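Numbering (this note's numbering), first residue to last: 195 to 465. Where a beta carbon is used, it is the ideal one built from N, C-alpha and C, also for glycine. The structure presented is a predicted model; accordingly, all values stated were derived computationally and were not measured. To keep things clear, I will list the structure first and then write my remarks on it.
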Amino acid sequence: MKLGIIIDSSTGISKSEAEKLGFGYLPLFLTIDGKEYKDGIDLSIEEYYKLLTDESEVRTSATPPGLTEEVFKDFSKKFDHIIVLPLSQNLSSQMQNLNMIANDFDNVHIISSMSVGPLIKNQALSIVDFAKDKDDIDKVIAYGNKISQSTYGIVVPQNLKFLVKGGRVGPKAAAMADMLKICPLIEYRDGGLESIGKGRTFSKTVQKAALKVIGNDKESNYYIYNANSEYAKDLKEFIESQGVKVTIVEFPPVITNHTGPGALGIIKYKD
195 MKLGIIIDSS TGISKSEAEK LGFGYLPLFL TIDGKEYKDG IDLSIEEYYK LLTDESEVRT
255 SATPPGLTEE VFKDFSKKFD HIIVLPLSQN LSSQMQNLNM IANDFDNVHI ISSMSVGPLI
315 KNQALSIVDF AKDKDDIDKV IAYGNKISQS TYGIVVPQNL KFLVKGGRVG PKAAAMADML
375 KICPLIEYRD GGLESIGKGR TFSKTVQKAA LKVIGNDKES NYYIYNANSE YAKDLKEFIE
435 SQGVKVTIVE FPPVITNHTG PGALGIIKYK D
């Protein structure tokens, strides 16, 4: 079975990086202060942070249907089956849009993704490896769903202005939290975000979040998601002091648009 993989820019990797892996690529769109960019094509993560300020007006949107259909057509001619790993369905309309277009292709399969960021790339590579000696696409899809749904973590935003802009926190609550130096803990479970508590001071709150995510589990794959935070290396040292290996990766811009710069996340999954 010849298997093709398509990812979107919520992985945090560029189109050129995806193509080197042999993957198809669907850019989400970013609007920053009125100017629109194709994520991962027009704008790198480094360029994104240079443009972003506390006062920036930001917006994200799904890949246009015409572009999605073009990529699906191209891959459906080259491969027996195609698996698409998009941004979590609970964070964007991207997956819903892809499902509608995939209905016109018998060999395009959308994984019910519960992941975000570089984990999607890692899961895509795991699926490719798993599928090497498989002829049953249903088994490959089931494996993809299994590893995607094992994702869990906690995100700690440092700048609440972006959560206010996205409607996830009210302006009065954000002002009070800022005055009292309170940081919210936002749980990432089942592909969605939900506030589960708070802490005092950012550095102590991210350590609290790390301990909660780790628990007694030292076997999962651990990642620090970093939105240009100065605390990322300190958090890595703290987590490794708990006997856990962890890798620092960048939050993709489509997520930083909501968490704001400076946020840190501790995310894990089992393959």
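**OP:** Go ahead and label Ala336 buried or exposed: buried means 16 or more other beta carbons lie within 10 angstroms of its beta carbon, across all protein chains shown.
**Re:** exposed
Subject >> Residue span of the beta strand (DSSP E) that contains Leu237, given as start and end >> reply: Unbroken run through Leu237: none, as it is neither H nor E.
**OP:** Output the boundary residues of the alpha helix (DSSP H) element that contains Phe269.
**Re:** Pro259 to Lys272
**OP:** To the nearest angstrom, report how far apart Ile390 and Tyr219 are at their CA atoms.
**Re:** When rounded, the distance between both Cα atoms is 34 Å.
**OP:** Keeping to the same chain, check which residues put their C-beta closer than 8 Å to that of Ile448; ignore five residues upstream and five downstream.
**Re:** Note on identity: in this sequence residue 448 is Val, with Ile being the wrong assignment. Answer for Val448: Ser203, Ser204, Leu222, Leu224, Asp233, Thr254, Leu281 and Ser286, listed in chain order.
**OP:** Would you list the residues sitting across from Val440 in a DSSP beta bridge?
**Re:** Tyr416
Original post:
Is the beta carbon of Asp465 sitting closer than 8 Å to the one on Asn415?
Top reply: For Asp465 and Asn415, yes; Cβs fall inside 8 Å.
**OP:** Taking the CB atoms as reference points, tell me whether Tyr419 and Leu458 lie closer together than 8 Å.
**Re:** yes
Subject >> Three-pair Cβ contact test at 8 Å for the region 240–252 versus the region 308–324 >> reply: no
Original post:
Considering only residues of the same chain and omitting the five flanking positions on each side of Gly456, which have a CB-CB separation below 7 Å?
Top reply: Gln352, Asn353, Ala421, Asn422 and Ser423
Original post:
Buried or exposed: Glu444, going by 16 or more other Cβ atoms within 10 Å of its Cβ?
Top reply: buried
Original post:
Is Val278 closer than 8 Å to Ile314 when the C-beta atoms are compared?
Top reply: No, these two residues do not count as a Cβ contact at 8 Å.
Original post:
Who are Asp202's beta bridge partners in DSSP?
Top reply: Answer by DSSP bridge pairing, in chain order: Leu220.
Original post:
What is the DSSP secondary structure of Pro378, counted as helix, strand or coil?
Top reply: strand
**OP:** Measure the beta-carbon distance from Lys412 to Val438 and round it to whole angstroms, keeping in mind my assumption that it falls under 8 Å.
**Re:** Indeed, because the Cβ distance is near 5 Å, the residues count as touching under 8 Å.
Original post:
Should Leu246 go down as buried or exposed, given a rule of 16 or more other Cβ atoms within 10 Å for buried?
Top reply: Per the 10 Å Cβ criterion, buried.
**OP:** Report the rounded CA-to-CA distance for Leu197 versus Glu263, giving the unit in angstroms.
**Re:** 18 Å
Original post:
In or out: Tyr346 buried (at least 16 other Cβ within 10 Å) or exposed?
Top reply: buried
**OP:** Give the straight-line distance between the Cα atoms of Pro378 and Gly393, rounded to the nearest whole angstrom.
**Re:** 6 Å
Original post:
So who's on the other strand from Thr254, going by DSSP bridges?
Top reply: Thr254 pairs with Leu224.
Original post:
Can you tell which of Asn410, Phe432, Glu249 and Val310 has the C-alpha that lies nearest to the C-alpha of Ile207?
Top reply: Looking only at Asn410, Phe432, Glu249 and Val310, the smallest Cα-Cα distance to Ile207 is reached by Val310.
Original post:
Under a Cβ-count criterion, where at least 16 other Cβ atoms within 10 Å of its own Cβ denotes burial, should Lys462 be classed as buried or exposed?
Top reply: buried
Subject >> With 16 other Cβ atoms within 10 Å as the buried cut-off, status of His452 >> reply: That one is buried.
Original post:
How is Lys196 classed by DSSP in three states: helix, strand or coil?
Top reply: Lys196 falls in the coil class under three-state DSSP.
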